[in-house]
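J.:
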Amino acid sequence: PEIIKQPMDLGTVRQRLSSGEYETNDSFAHDVRLTFTNAMLFNPKEHYVYKAAEKLLSYFNAEYENVIKQDREDERIAATHSCSVCAGRQCTLCLRRCLDFQTA
11 PEIIKQPMDL
21 GTVRQRLSSG
31 EYETNDSFAH
41 DVRLTFTNAM
51 LFNPKEHYVY
61 KAAEKLLSYF
71 NAEYENVIKQ
81 DREDERIAAT
91 HSCSVCAGRQ
101 CTLCLRRCLD
111 FQTA
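Just so you know, we're using the working numbering here: the sequence shown kicks off at 11 and counts up by one.
1) Excluding the 5 residues flanking S89 on each side, which residues of the same chain have their C-beta closer than 7 Å to its C-beta?
2) Using a Cβ-Cβ cutoff of less than 6 Å, which residues in the same chain neighbour D41 once the five nearest sequence positions on both sides are dropped?
3) Considering only the beta carbon of each residue, do M50 and A63 sit closer than 8 Å?
4) Would DSSP call H57 helix, strand or coil?
5) Can you give me the start and stop residues for the alpha helix (DSSP H) that M50 sits inside?
Below is the structure:
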């Protein structure tokens with residue numbers, strides 16, 4: 011096994027997330043990825059922990075990309091949308107401009 015130079019675990023990720031320590035989505039994603047890559051670095055390829063970490067990393071990357079794409083689309087819509095319901099104002103809770111429910 012390799013020596014882990016930057017230890018990280020999901021408990022630490024959860025604590026940092028709960029306390030608001032992550033300033034960006036990418037810093038959160040970095041720590042999640044580090045958790046799984048460390049598990050893969052430390053364990054042999056045949057080990058179930060390695061295989062589980064590999065699958066979880068792949069799943070996380072795919073889901074994270076979907077979240078980022080949706081976030082970008084939401085930002086684009088919020089920046090350009092205005093109607094009689096929202097009058098161009100943003101909701102202080104969700105930062106969206108319109109309270110009118112629209113179908114996708």
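Note that beta-carbon positions come from the ideal geometry of N, C-alpha and C, so glycine has one too.
T.: Per the coordinate set shown:
1) Numbered from its first residue, the sequence shown carries residue 89 at position 79. Checking the sequence, you will find Ala at residue 89 rather than Ser. Excluding residues up to 5 positions away in sequence, nothing lies with its Cβ nearer than 7 Å to the Cβ of A89 in the same chain.
2) As a working mapping, residue 41 is identified with position 31 in the sequence shown. Correct list, in chain order: M18 and V23.
3) Within the sequence shown, numbered from 1, the residue matching residue 50 stands at position 40. Within the sequence shown, numbered from 1, the residue matching residue 63 stands at position 53. In this structure, the beta-carbon distance from M50 to A63 falls below 8 Å.
4) Along the sequence shown, one-based indexing puts residue 57 at 47. Shown here, H57 sits in coil according to DSSP, grouped into three states, outside any helix or strand.
5) Translated into the one-based positions of the sequence shown, residue 50 becomes position 40. From DSSP, the alpha helix (DSSP H) with M50 extends over N35 to F52.
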